[in-house]
Amino acid sequence: MRFQHLIPFLIFGIFSTLVDGSENEDNKDHSTGKKKEKVFSLFSVVQFRNTVCAIGSGASRIRNGTCLKQSECADRGGSGRANCASGYPKFFNKTNIFAYFCFLCLGFGVCCFFAIQTCGSVARENCTYIQNPGFPTPYRVLTPCSYTIQRCSNNVCRLRLDFEMFTTFEPAGTIETDDGGVCNPRWDQFSVQNLNTGNPMNSIIPVICGENTGQHIYIDIGNQDGDSASLNFAFRQEQRDRVWDIKVTQIPCNTIDDPPAGCLQYLKGTSGRFTTFNFNILSSQHLGNQNYRICIRRELGHCCIQYIPCANEANSFSIGGTNLKSAVDTDCSTDYINIPNASNTCGGANLSQRFCSKMGILGFFNNANANTEVCCKYNY
Numbered sequence: 193m194r195f196q197h198l199i200p201f202l203i204f205g206i207f208s209t210l211v212d213g214s215e216n217e218d219n220k221d222h223s224t225g226k227k228k229e230k231v232f233s234l235f236s237v238v239q240f241r242n243t244v245c246a247i248g249s250g251a252s253r254i255r256n257g258t259c260l261k262q263s264e265c266a267d268r269g270g271s272g273r274a275n276c277a278s279g280y281p282k283f284f285n286k287t288n289i290f291a292y293f294c295f296l297c298l299g300f301g302v303c304c305f306f307a308i309q310t311c312g313s314v315a316r317e318n319c320t321y322i323q324n325p326g327f328p329t330p331y332r333v334l335t336p337c338s339y340t341i342q343r344c345s346n347n348v349c350r351l352r353l354d355f356e357m358f359t360t361f362e363p364a365g366t367i368e369t370d371d372g373g374v375c376n377p378r379w380d381q382f383s384v385q386n387l388n389t390g391n392p393m394n395s396i397i398p399v400i401c402g403e404n405t406g407q408h409i410y411i412d413i414g415n416q417d418g419d420s421a422s423l424n425f426a427f428r429q430e431q432r433d434r435v436w437d438i439k440v441t442q443i444p445c446n447t448i449d450d451p452p453a454g455c456l457q458y459l460k461g462t463s464g465r466f467t468t469f470n471f472n473i474l475s476s477q478h479l480g481n482q483n484y485r486i487c488i489r490r491e492l493g494h495c496c497i498q499y500i501p502c503a504n505e506a507n508s509f510s511i512g513g514t515n516l517k518s519a520v521d522t523d524c525s526t527d528y529i530n531i532p533n534a535s536n537t538c539g540g541a542n543l544s545q546r547f548c549s550k551m552g553i554l555g556f557f558n559n560a561n562a563n564t565e566v567c568c569k570y571n572y
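Mapping of the sequence shown onto the working numbering: position 43 corresponds to residue 235, and the numbering continues sequentially without gaps.
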């Protein structure tokens, strides 16, 4: 207890010593021998960057916000959820050491949380959460709902949508020739319209529905004034519980987080997992009319990617109409996954590019009895 009480006095003692030294030298007018009047503003020295900050801990869901001044957060329509910017100030010298201790202990910023729920709203802030009206209560009405996303700065080129929660009505589980698996107007639909009309990305953003919590997509929003994107929900004429909570991150152009052009999904790290939209381990029905690219970033010191179906997971690789245990290339004429320059070893000769199976087996040969590792070497 003594040590805890002693700390403030030690800090005050250091502060007093430095101020006294400043008065003896810096504040003295040598022409008159008189001390200058001291001018000190605590808040003028506090500067911090508007960086991403975290909200929540422990069992609560971790969310992201932007570190802003309390007044700025309120002016921009956000809500302060936690303190931030609790560290060194931008400038540090003898005259602002008191500001340093207050800054370190308290934090002069708030982690500003941006969320919109009202249909027809416009998101203009980075790291905005787009939620269904009344979230977390499910949305049970059939009225369509749309949101517009505008760029928060001129150097933003792409958006990343993280589906923190995404549950809508899934399509019929019948064969695809009868629109089975297709998120058409008879079922729920989520679509993205890039309002930059000349952008070819419009044609590769698929319409999705069903269960997509944990998925993400990238949108090439463009880099011209007025470029924006629209997120659109439409619902089948049947009342169901629907919930969505979508984090929108705005990605600056030509940065490490900016994916290559044409990538709907962008995966990072030395290992991971990806699934089709509406993936459900209890059902083998994937969504229909899906044609998009998943890109994987090359990590430092690595030159090859290895693919294998996830173990101990039913239907981990069930795609295509063939009755073969596994099939490749021309035998995969309907649904398939395409892995360019695929080989059974890293750097080996190209064996196949198209892969499909109705029996959950990924292999280089028709009717393979077991999964085979599929490797793809980076060509750069």
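All C-beta atoms in this analysis are idealised placements derived from N, C-alpha and C, irrespective of residue type, glycine included.
Predicted model, so just to flag it, every value in this text is computed and none were measured.
Local conformation of residue i per DSSP, three classes
{"i": "V238", "result": "Low local confidence applies: a pLDDT of 49 at V238 is under 50, so the model's placement there is unreliable, with the coordinate-based value given in what follows. Correct three-state label for V238: coil."}
{"i": "E491", "result": "coil"}
{"i": "T258", "result": "strand"}
{"i": "N559", "result": "coil"}
{"i": "T320", "result": "strand"}
{"i": "I396", "result": "helix"}
{"i": "S544", "result": "strand"}
{"i": "E505", "result": "coil"}
{"i": "D523", "result": "helix"}
{"i": "L554", "result": "coil"}
{"i": "A246", "result": "strand"}
{"i": "T276", "result": "Looking at the sequence provided, one finds Cys at residue 276 rather than Thr. Note: C276 maps to strand in three-state DSSP."}
{"i": "A364", "result": "coil"}
Within 8 angstroms, strictly: CB atoms of residue i and residue j
{"i": "L260", "j": "V314", "result": "no"}
{"i": "L351", "j": "Q416", "result": "no"}
{"i": "A426", "j": "P336", "result": "yes"}
{"i": "S518", "j": "A560", "result": "yes"}
{"i": "C487", "j": "P452", "result": "yes"}
{"i": "C319", "j": "C445", "result": "no"}
{"i": "F469", "j": "Q407", "result": "yes"}
{"i": "F305", "j": "R255", "result": "yes"}
{"i": "R465", "j": "I413", "result": "no"}
{"i": "V435", "j": "N324", "result": "yes"}
{"i": "P328", "j": "D433", "result": "no"}
{"i": "T405", "j": "F361", "result": "no"}
{"i": "L459", "j": "R489", "result": "yes"}
{"i": "I396", "j": "V384", "result": "no"}
{"i": "Q431", "j": "L334", "result": "yes"}
{"i": "L353", "j": "I308", "result": "no"}
{"i": "P501", "j": "G552", "result": "yes"}
{"i": "T447", "j": "E491", "result": "no"}
Residue i - partner residues in DSSP beta bridges
{"i": "W436", "result": "F358"}
{"i": "A341", "result": "Here residue 341 is Ile; the residue named in the question, Ala, does not match the sequence. DSSP output for I341 lists A315, A421 as bridge partner(s)."}
{"i": "F305", "result": "S271"}
{"i": "P444", "result": "V348"}
{"i": "D380", "result": "According to DSSP, D380 bridges with nothing at all."}
{"i": "L479", "result": "None, per the DSSP bridge assignment."}
{"i": "A534", "result": "S544, C568"}
{"i": "S518", "result": "Answer by DSSP bridge pairing: none, since S518 is not bridged."}
{"i": "I511", "result": "S549"}
{"i": "D450", "result": "BP columns for D450 are empty, so no partner."}
{"i": "C496", "result": "K569"}
{"i": "Q407", "result": "In DSSP, Q407 forms no bridge with anything."}
{"i": "I529", "result": "F547"}
{"i": "L353", "result": "I409, V440"}
Spatial distance of residue i from residue j (CA atoms)
{"i": "G248", "j": "V440", "result": "18 angstroms"}
{"i": "N424", "j": "N376", "result": "13 angstroms"}
{"i": "Y582", "j": "G373", "result": "As displayed, the chain neither begins before 193 nor continues past 572, which places residue 582 out of reach and without an answer."}
{"i": "S525", "j": "G402", "result": "26 angstroms"}
{"i": "S263", "j": "R273", "result": "13 angstroms"}
{"i": "V244", "j": "E317", "result": "12 angstroms"}
{"i": "T209", "j": "G270", "result": "With a pLDDT of only 36 at T209, under the threshold of 50, the placement of this residue in the model should not be trusted; the figure read from the coordinates follows. For T209 and G270, the distance between alpha carbons rounds to 42 angstroms."}
{"i": "A421", "j": "G257", "result": "21 angstroms"}
{"i": "N530", "j": "T310", "result": "40 angstroms"}
{"i": "I159", "j": "D527", "result": "Any question about residue 159 goes unanswered here, given that the chain covers just 193 to 572."}
{"i": "I438", "j": "I400", "result": "14 angstroms"}
{"i": "S338", "j": "L543", "result": "45 angstroms"}
{"i": "H494", "j": "G539", "result": "12 angstroms"}
{"i": "N347", "j": "D449", "result": "13 angstroms"}
{"i": "R241", "j": "C276", "result": "10 angstroms"}
{"i": "N563", "j": "V520", "result": "13 angstroms"}
{"i": "F471", "j": "A246", "result": "29 angstroms"}
{"i": "H478", "j": "E505", "result": "15 angstroms"}
{"i": "R332", "j": "G418", "result": "33 angstroms"}
{"i": "R268", "j": "A503", "result": "47 angstroms"}
{"i": "A541", "j": "P363", "result": "40 angstroms"}
{"i": "T340", "j": "R253", "result": "25 angstroms"}
Residue i CB to nearest heavy atom of the ligand ZN below 7 angstroms
{"i": "M357", "result": "Judged by which ligands are present, the structure shown has none, so any question about the ligand ZN falls away."}
**Q.** Stretch pair the segment 532-546 + the segment 560-570: three plus CB contacts closer than 8 angstroms
**A.** Contact holds: three or more Cβ-Cβ distances are below 8 angstroms.
Q.
Measuring CB atoms only, is the segment 477-484 touching the segment 547-564, in the sense that at least three cross pairs come out at less than 8 angstroms?
A. With contact defined as three or more Cβ pairs closer than 8 angstroms, the segment 477-484 and the segment 547-564 are not in contact.
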